[in-house]
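Beneath this line is the structure, given in structure tokens, with notes to follow.
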Amino acid sequence: MLEIDQFNEQQRLDALARFDILDTPEEEAFDRVTRLVSRILNVPIATVAFLDGHRQWFKARRGIETCETARGPAFCNLTIRESAPLIVTDTLSDGRFANNPFVTGPPYLRFYAGIPLRSAEGQNVGTLCAMSPEPRAITADEIAILQDLAAMVMDTLELRELASVDGLTGALSRHAFREMATRELSLAKRHGHEVSCLLFDLDHFKGINDVHGHAAGDEVLAASVATCRRILRESDLIGRVGGEEFAVLLPYTGRQAAMNVAEKLRVTIAAQRFAGAEQPFSVTASFGLAAFGPALADLDTMLQRADQALYAAKDQGRDRCVAAEAAEVESGLGRRVLKAGQIVFNAGRSAIDCTVKRLSDQGARLAVLSSAGVPDRFKLAIAADGFSRTCEIARKAEGELDVRFA
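The sequence shown begins at 43 in the working numbering and counts up by one.
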């Protein structure tokens, strides 16, 4: 196996950012691939993984409970540097992996087959993997099947980026929604008018698929979007941003008016009736709301705040609308990026991998597997940019840090 010439981590992360796939909900299109891998190769573990600066994150997984692991020891961290599949028939006989924590500890891997997920520009953004706690051989035909399935994953991602409309529901695609909503926010900032953002999620949607079948689930998704369209104005935007999660942008709409819209959508969705496997059923939705303001002047921050409100709605029992509290001004967090970084402290003797999500001259937002153990003051290093700045933590949450440069 030959390592890809001039492997460039930042180009790889740029390609990954273009697909906007990280931290999105589970989706049947990807789950289906892991089921096929598990059945065809008769292995208990299969994943579709994407790697950012500090972790491998599973868009789809079978046989693994966690949705992410540290990138450093991940087998996939080697696979993304390869131009061919990485095959390990017995990890205990391979010096690269015999002492790996995923071999000596759960899930006690003995067999691994990883296929790079390569973009049209030739960047490996992730991997399709088949794994087992038992050693096994793999045939050329099985490898070819894995390569075909990996190509199907990438075709799905590439087509989604090109598509402006979700084929099932008629809502805007995730990519198209982001582009159009960003333009609307720019207009709002320029002319000083109000705008609000809603995120809503159909409650217990997996149960609908499990009990009534995926065809019924598809009908619920399409009908719910059609129901929303009858209430929303022509100028409002609705996009499908996850499997059963949707975003709505409401131009010229303040916080209270947006809450009224959200409540009307919630009630109308709950009034729908569908023919079930044995009896008719209905569905409910939970809503989170964020309104434009000095602290929410860009789309990512608005979506993040609406997402926090959505989770609050779920925690409070679902089938309800929750508005995000007015946020303090977030100064200096800068533009959206995706860069591999390191948190360096203890006089350079200790380092924690991180992913830089936002960056400016004044500060940054960092993603980490855990914020525990991160000191209040450290150096942030971004190797690709030759960047090193001392910074202090301004906000700490589980898995995320906002820092200001000293």
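Even glycine gets a Cβ: it sits at the ideal position worked out from N, Cα and C.
Beta bridge counterpart(s) of residue i as assigned by DSSP
i: S392; result: F387
i: E24; result: Residue coverage of the chain in this structure runs from 43 to 448, which leaves residue 24 outside it and unanswerable.
i: A327; result: L244
i: C239; result: L291 and A332
i: C363; result: F329
i: K381; result: V398
i: R431; result: L422
Contact belief for residue i with residue j at Cβ below 8 Å, rounded distance in angstroms
i: R431; j: Q404; result: Not confirmed; about 10 Å, so no contact.
i: R113; j: R97; result: 5 Å
i: D250; j: V325; result: Here residue 250 is Ile; the residue named in the question, Asp, does not match the sequence. Right, the Cβ-Cβ distance comes to about 7 Å (below 8 Å), so this counts as a contact.
i: R297; j: A355; result: With a Cβ gap of about 15 Å, R297 and A355 do not count as contacting.
i: F429; j: S328; result: 40 Å between Cβ atoms; not a contact.
i: A264; j: T211; result: 5 Å
Nonlocal neighbours in the same chain, by C-beta distance under 8 Å from residue i, ignoring five residues either side
i: Q48; result: Low per-residue confidence applies at Q48: pLDDT is 37, beneath 50, and the placement is therefore not dependable, though the value from the model is reported in the following sentence. Around Q48: no qualifying Cβ.
i: A140; result: T133 and L134
i: P149; result: I87, G105, I106, M173 and P175
i: Q350; result: G330 and A366
i: V145; result: T133, L134, F139, L151 and R152
Spatial neighbours of residue i in its chain, beta-carbon cut-off 6 Å, leaving aside the 5 residues before and after
i: K399; result: R407 and A409
i: L55; result: L380
i: T224; result: L341
i: Q189; result: I157
i: A116; result: Q98
i: R419; result: E434
i: S266; result: I311
i: T111; result: Q98
i: M43; result: Bear in mind that a pLDDT of 36 at M43, under 50, signals an unreliable position, so the model cannot answer this.
i: A300; result: S238, L292 and L331
i: H235; result: Y294
Neighbour-count burial assignment, residue i, 16 or more Cβ in a 10 Å radius
i: E440; result: exposed
i: R391; result: exposed
i: C109; result: exposed
i: A102; result: buried
i: S412; result: exposed
i: D444; result: buried
i: T76; result: buried
i: S161; result: buried
i: D427; result: exposed
i: S215; result: buried
i: R282; result: buried
i: Q321; result: exposed
i: H254; result: buried
Extent of the continuous alpha helix (DSSP H) run through residue i
i: P293; result: Not the alpha helix (DSSP H): P293 falls in the beta strand (DSSP E), residues E287 to P293.
i: G259; result: H256 to I273
i: V283; result: Premise fails: V283 is in no alpha helix (DSSP H) and is neither H nor E.
i: T310; result: R297 to A312
i: S29; result: Residue coverage of the chain in this structure runs from 43 to 448, which leaves residue 29 outside it and unanswerable.
i: T211; result: That residue, T211, is in no alpha helix (DSSP H); it is neither H nor E in DSSP.
i: V277; result: Note that residue 277 corresponds to Ser in the displayed sequence, not to Val. Unbroken run through S277: none, as it is neither H nor E.
i: V9; result: Residue 9 falls outside the range modelled here, since the chain spans only 43 to 448, and no answer is possible.
Boundaries of the beta strand (DSSP E) in which residue i is found, first to last residue
i: Y154; result: F153 to R160
i: A423; result: R419 to I424
i: Q98; result: R97 to R104
i: I122; result: Taken as a continuous stretch (DSSP letters only), I122 belongs to no beta strand (DSSP E), as it is neither H nor E.
Neighbourhood of residue i by C-beta, 7 Å cutoff - its chain only, sequence neighbours within 5 removed
i: T169; result: A91, C118, T121, I122, G156, I157, P158 and L159
i: A448; result: T432, C433 and E434
i: A57; result: S161, E163, Q165 and V167
i: C363; result: M301, A304, E305, R308, F329, L331 and A355
Check: residue i C-beta below 7 Å from any heavy atom of the ligand ADP
i: K248; result: Ligands are entirely absent from the displayed structure, and the ligand ADP is therefore not among its contents.
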